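>
Numbering (this note's numbering), first residue to last: 217 to 457.
If you want it as structure tokens, here you go:
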């Protein structure tokens, strides 16, 4: 194994070695890695050390292990975004040089629940419109969006073909979405969402839940977006105080 001497644990050196091999094109996206015994022999390490390195690589979504099938190189995300900056899914896709599209799923209305009253500072008489759409990138499904909007602030000429809700509010009612309170969490296979995004059974999702506020600090709409984890990567810039 050709690794420069350092004081780190051997498995961390193996992690860097495999990452470098991927960057150099030795292993391609979606390519299956050699069996553990063969790869450990190639690297001149024990299988225990290799397993620890593979565990780290899996946690970093560099590889994916499919039970009974093997270990594969994960494709690099097509979309990377810092969550410090707020912009729409449409803009996120455009920034990657792709064409955004929309597949309408459903639009329903319901009376506000206790949770809605708390989130939107509305009354129980308020009607909440729930819109479900699949957002596409160059016609490939990549995000499943569920948006909740009080009907009293939803633009009157709303249509199911709308793209960016941000743009709709700004264009039609002069409402500018200025910030959002965001929570991101991982999710495994979803019987409802995953098939709509053409996900494999072992593919994971990233769920972004956001309450959006306008320039007057008014809660405007709540979104729950399911991103394909193999297509999207989110990061945040943290500074020491």
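Don't be surprised by glycine CBs; every beta carbon is placed ideally from N, CA and C. Computed from a predicted model, the values in this text were never measured in an experiment.
(1) Where does residue 421 sit, in a helix, a strand or coil, going by DSSP?
(2) Where do the ends of the alpha helix (DSSP H) carrying residue 336 lie?
(3) Among the residues of its own chain, which have a CB less than 6 angstroms from the CB of residue 325, if the five just before and after it don't count?
(4) Determine the closest residue to residue 269 out of 224, 311, 242, with distance taken between C-alpha atoms.
(5) Taking contact to mean 3 or more Cβ pairs, one atom from each stretch, closer than 8 angstroms, check whether the stretch 273–280 and the stretch 315–329 are in contact.
(6) Name the DSSP bridge partner or partners of residue 317?
(7) Is it buried or exposed, residue 257, if we count other Cβ atoms within 10 angstroms and call 16 or more buried?
(8) Around the C-beta of residue 211, are 16 or more other C-beta atoms found within 10 angstroms, so that it is buried, or is it exposed?
(9) On the criterion of 16 or more Cβ atoms from any shown chain inside 10 Å, does residue 242 qualify as buried, or is it exposed?
(10) May I have the straight-line CA-CA distance separating residue 381 from residue 285, to the nearest angstrom?
(11) Locate the alpha helix (DSSP H) running through residue 236, then write down its first and last residues.
(12) Using beta-carbon positions only, say whether residue 302 and residue 395 come within less than 8 angstroms of one another.
(13) For residue 339 versus residue 330, is the C-beta distance shorter than 8 angstroms?
(14) So what's residue 300 in DSSP terms, helix, strand or just coil?
(15) Nearest to residue 364 by CA position, among 387, 336, 356, is which residue?
(16) Given a threshold of 16 other Cβ atoms within 10 Å of its Cβ, counted over all protein chains shown, does residue 452 qualify as buried or as exposed?
(17) Buried or exposed, going by whether 16 or more other CB atoms sit within 10 Å of the CB of residue 372?
(18) Have a look at 351, 293, 262 and flag the residue whose alpha-carbon is nearest the alpha-carbon of residue 409.
(19) Touching or not, the stretch 305–314 and the stretch 249–268, by the rule of three or more beta carbon pairs under 8 angstroms?
(20) Need the endpoints of the beta strand (DSSP E) that residue 443 sits in, please.
(21) What residue range is occupied by the uninterrupted alpha helix (DSSP H) comprising residue 253?
(22) Just mark residue 431 as buried or exposed, buried being the case when its beta carbon has 16 or more other beta carbons within 10 Å.
According to the structure shown:
(1) strand
(2) 330–336
(3) 343, 345
(4) 224
(5) no
(6) 352
(7) exposed
(8) For residue 211 there is no data in the structure shown, the boundaries of the chain being 217 and 457.
(9) exposed
(10) 42 angstroms
(11) 226–239
(12) yes
(13) no
(14) coil
(15) 336
(16) exposed
(17) exposed
(18) 351
(19) no
(20) 435–444
(21) 252–259
(22) exposed
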